């Protein structure tokens, strides 16, 4: 459905990196939800760059203006539109942007799809900047889910091969997830930060970039969310996650690790505890048959290295269909993983909200 | 949208493993497509069990009856419904099925979602048998795509830790993919078959099962299929893949391998060859910015071990909310990976068809 | 969405008049609904032709086989597919059907849309026979709505200019609507039947046909169903009604009569009665701002005369693009209004169910 | 889909009458469409009030700011968002608005649906002001359709019982439709204007309002747009038309007049003219079997009298659930029919664009 996602909660996203504004229309939010705009701003800030002057300026730019669907601080049930003005639009060599296709970027694929009519400035509609509206929508859902006892959090699972401590798929709790959200550099084992930063700096000095992975979890999720065909929780969440630029892999529970396991090791034995059904292990990441089973939902996402690097690269000039070389100037994150953490959380928040509302449709 | 998938091509799936019939309604197929029912039957046979008597019987049962949308051997443009009667419905201890939740299966999640009203026989609507209609729909799309020069094929990338030779993401061609489709045990390096079968047999004798992975590729795919938000090729394909029972991970190109790479290694340098833009490498699996770039589309899928194992397992009896033990009787595939190969291909065929039709909407 | 309708309740319809079978997949029905198949059969019988031998035969043919979504007499929550085999397929001059476009029918429009590939036998997918699956789906919803205190009924408002007594938009009750459903010829004033039948017979003898109108009402509908944009109750219901062959007009409350009224006459004054808000009049047909207001929902539908008439008509032969004459042979209803009554009821039943489930999504 | 409409062209509407802004996201427009913003402004001006000072101010307020999807004057293929700031927000007795339900308005229905959380100021999201974004979206489609030789226009068919001359359903041409668009008071027979205005003035002096009807036509529409189930042209267009506040009836061709006709009179005889199939008459309004047949598409819409009238009315106070009286102050259009003309045109423009793009999906 192109730029609209969701069955019960619906997002419609719009905007280009260097256009007048970007934003999202969120429809289907619970009625009467009291919106804490400060909490929303905190999530927005987590996605914005670090603490240097430009960053502050940028964070200003990421203040969301809610132009509809909110009355006296509560959601009205009408579609809620959040707008973010692009205050910090830099000029640039647009002509070159339209000719030279950046390797690893959407440039060429988009040039073909949009017949050269797309806005090339800063990646246009493909820009990572478009994840800001997702974080905004996710922040609204976070408040709706919190009211239902559901907490979502994520950590940097790895950067350039340096792994963080793994999430405990059975014991992870809301407090742990909230703590990750408050951290500047979301790790379960802060001791890994130095090594990760060293790898990033090393790459930056080499005019290069690095990738990594993010692990996201949700606790307090009731059993019964999802569907066998076609809207399994995995399908719904993966659909959103793969809309995030640079995400190339999504896996649930032990994920690709399950390929080499046996059924006796992969099945999660069940037992009754305090009158509730629970599992002794969580190799399935809280989802069986596409539906939540009451265990924490755990998912891992692969983030490729930032395609914008300073090193000269071989590419093509579509204006004359000839080989060419490109050198991407300007400041670029040598690693986007830390800033992608709240975006991945948002995908989880949005997917759970959509499926939760779905459950409330069956009289 | 629950049981309906797709924007331009639409599938609506229905049926239970032991109900009267299963099937799918396929809408949006190109008009006037000449349907080769024999070719469809061959794809159906690939998903059915091996060559023993029961298998034959089952394959009989998987003959698809097209009850609409076809006239004089051509698609009419009206919705096409394919029906598969469940001729081989075995009776069983239904009462126990409704009480004892099989670990690793949808039983408990489905019991909660459907409030104990779902059909528990053979997994009901959750059964892997529901992938037969997907293979049928995929087989129709295969014929539509072949007419457009697109070929799709997959191989067993690994079983129980034994890896097949990897697909060449740049050089893979239609002939290779067709050859895989004709193979009884789809491998690029047939020499691995013995080791894989040994691991499976080993597990079977232990009353256990094994998992594995499948790699699927599409060649001849034009650049420009997909979208930045929300219907990227990855989102569209992953949505379908995660609807397949037992799939727990999906990754494109180098997938999770990209997490430890640098941008200079992950970006695919471009050049002009014979007047066409091509990439020297294909770390991105033929997709950048969510849109195909003209390179082969390559995707890897994690398949967990068959949850049905003979060994006794700890579980719960929901009828009295008490701990219990379950022993799953009857014959079960100790490894479903080989039979899942055509199902994974179907997801690729369906996703590409949906996105291809989408491109034809932009006058 | 082509052949799929609905946001919360979803129908996917398929089949051709003379193909193997027609049917519908209904998804989203309340879970655990106890289905009274006899009651369903009664609704199906109301749509089938009168009491002569062929009719009986036809009614046999309209027995619905539920092949999924039902277990031990209850809906499971999985998609429910109802199949109707086409047992009474008559052969005919198909070649002529494909050449000569019947005036007033879909023939030419469909020939262009489907590029001459559509099944022309008996109208193919355009046949009024496709309303049988709608009646089946509506009958299931009737049972779900009855459990919620909602009753739907319709009457022949006019045939060939002979008007029935109007429905009392304020006082109409469930008993009146049920009585209409039990009538062979649904009228509020049975005295009009003779005059109506006379007009029909008159037309039949002249090798001609007549049109008419149907008024449908729903009582017990809670206030709050619908939406301002875009899924108003009027939009949702009209969308379905205009899918019924021969329907050319839809109006709510006083409908076109409102064009000549003043606001003081068209506004429905409100008052509190027994602690509930009610209206003194119902010129708005129970819908204001696109949302139900608690009054009976009243809608009128225009049904054009059966386009199949015995008289010779001027048309075109698309095989040679030349003027031609056509004489439509075989038995045809000189008036389809009586048989269309349960179909119009079904549209109301389906629309209300979809919107009712929608309301249950807003936590 | 709540606030999103369309399968191939998609609109997502948002905003409240007295909120910060209203707007629409339009997705799926043809790529590279050159947007004439002046022509868009002309259509917007037609919906705005007449030529007195306030009107000018309001028209200012209805200037649309395109914040995305447009680059160098052309559509990019990315979602296009048009924003209209609410500059002219008057304060008012909001407290009373929330207590006293205006008869004929959405107040009570909306109060129940949105649990009293909706924005009551000026009707909030229910306001006729929300039709401005529809006119904006329609104006974009008008440019896309003009490039395909399709012209859409409408006239005031009647006001308070005074009828305009009828549209010639066979001979209507693009020139006639363009002329209607340029007229300040769109009539085919300007001589009726005086009588219509007199009726409106009469009602205004009596503190009352009047209704009327609008007839819209499209010429140059190719045969083959629409579908049998469920997206017939009538279903698609009626869905949008019934989203327009005050619309209570929609009819195609002879509409309700067909109820009293015979098949021999209602069928449109066909012939070949200049190698094209055409009809001698157009009783079916250019649509048969839900699909366009190449004749002008003609549709009539019933518009109820403005519910806001100065006369005191009986209503309820929901804050104490008691009977009450309401007197609606402030200036209100005693007749909204003239301003609704471009809105009805927009519905036709949007529906045709959606269905036209659909046709381009069938390879």
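Residue numbers (my numbering), protein chains in the order written: chain P, 1 to 363; chain B, 1001 to 1363; chain X, 2001 to 2363; chain U, 3001 to 3363. The beta-carbon is built from N, C-alpha and C at its ideal position, and this holds for glycine as well. The structure displayed is predicted, hence computed values, not measured ones.
Straight across, the Cα-Cα distance linking residue 2261 of chain X with residue 3334 of chain U is about 12 Å. Of all residues in the stretch 1006-1017 of chain B, the ones placed with a Cβ closer than 8 Å to any Cβ belonging to chain X are 1010, 1012, 1013, 1014, 1015 and 1016, in chain order.
Counting along the chain, the unbroken alpha helix (DSSP H) around residue 1097 of chain B starts and ends at 1094-1099. In the DSSP assignment, the residues bridged to residue 3152 of chain U are U/3218. Within chain P, no C-beta atom comes nearer than 7 Å to that of residue 1136 of chain B; the closest sits roughly 14 Å away. Flagged as an interface residue toward chain B: residue 108 of chain P, by a C-beta distance shorter than 9 Å. The beta-bridge partner set that DSSP reports for residue 3213 of chain U consists of U/3158 and U/3302.
The beta carbon of residue 339 of chain P is closer than 6 Å to those of 47 in its chain, skipping five residues each way along the sequence. Annotation for residue 2144 of chain X: 2029, 2030, 2033 and 2353 place their beta carbon closer than 7 Å to its own, counting only its chain and skipping 5 residues before and after. Minimum Cα-Cα distance from residue 2097 of chain X among the listed residues X/2111, X/2086 and X/2087 corresponds to X/2111. Below the 8 Å Cβ cutoff, chain X contributes no neighbours of residue 1111 of chain B, its closest Cβ being approximately 11 Å away. Residue 147 of chain P places its beta carbon 9 Å or farther from that of residue 203 of chain P. 9 Å or more divides the Cβ of residue 2302 of chain X from the Cβ of residue 3206 of chain U.
Note on geometry: alpha-carbon atoms of residue 1119 of chain B and residue 282 of chain P lie some 26 Å from one another. Shown here, residue 252 of chain P sits in a strand according to DSSP, grouped into three states. Residue 1074 of chain B has its alpha-carbon roughly 14 Å from the corresponding atom of residue 1040 of chain B. Between residue 141 of chain P and residue 357 of chain P the beta-carbon gap is near 10 Å, outside 8 Å, which marks them as no contact. Among the CB atoms of chain X, one or more fall inside 9 Å of the CB of residue 1119 of chain B. Under the 9 Å criterion on CB atoms, residue 2 of chain P is classed as interfacial with respect to chain U. Listed along chain X are 2014, 2015, 2016, 2019, 2020, 2021, 2022, 2023, 2119 and 2125, each with a C-beta nearer than 9 Å to that of residue 1068 of chain B. Remark: fewer than three beta-carbon pairs, one from each stretch, lie closer than 8 Å, so the stretch 1172-1188 of chain B and the stretch 2005-2016 of chain X are not flagged as touching.
Residues of chain X whose Cβ lies closer than 9 Å to the Cβ of residue 1074 of chain B are, in chain order, 2117.
Annotated three-state conformation of residue 3018 of chain U is coil, per DSSP.
When the five nearest sequence neighbours on each side are left out, the beta carbons in the same chain lying within less than 6 Å of the beta carbon of residue 2348 of chain X are those of 2152, 2216 and 2218, in order along the chain. It is roughly 10 Å from the alpha-carbon of residue 43 of chain P to the alpha-carbon of residue 132 of chain P. Between the alpha carbons of residue 3156 of chain U and residue 3246 of chain U lies a gap of roughly 15 Å.
Collapsing the DSSP output to three states places residue 175 of chain P in a helix.
Of the candidates X/2196, X/2208, X/2026 and X/2137, X/2208 places its Cα closest to the Cα of residue 2312 of chain X. Per the C-alpha coordinates, the member of P/150, P/65 and P/70 positioned closest to residue 82 of chain P is P/65. Cα atoms of residue 327 of chain P and residue 1230 of chain B: separation of roughly 30 Å, rounded to the nearest angstrom. Contact between the stretch 306-321 of chain P and the stretch 1267-1286 of chain B is present: three or more C-beta pairs spanning the two stretches fall below 8 Å.
DSSP, read as helix, strand or coil, puts residue 351 of chain P in helix.
Interface criterion not met: the Cβ of residue 2215 of chain X is under 9 Å from no Cβ in chain P.
Comparing C-alpha distances from residue 1211 of chain B to each of B/1295, B/1138, B/1285 and B/1104 shows the shortest one belongs to B/1104. When the alpha-carbon of residue 2286 of chain X is set against those of X/2226, X/2342 and X/2256, the nearest one is in X/2226. Interface annotation for the stretch 2302-2315 of chain X against chain U: 2302, 2303, 2304, 2305, 2306, 2307, 2308, 2309, 2311, 2313, 2314 and 2315, criterion Cβ-Cβ distance under 8 Å.
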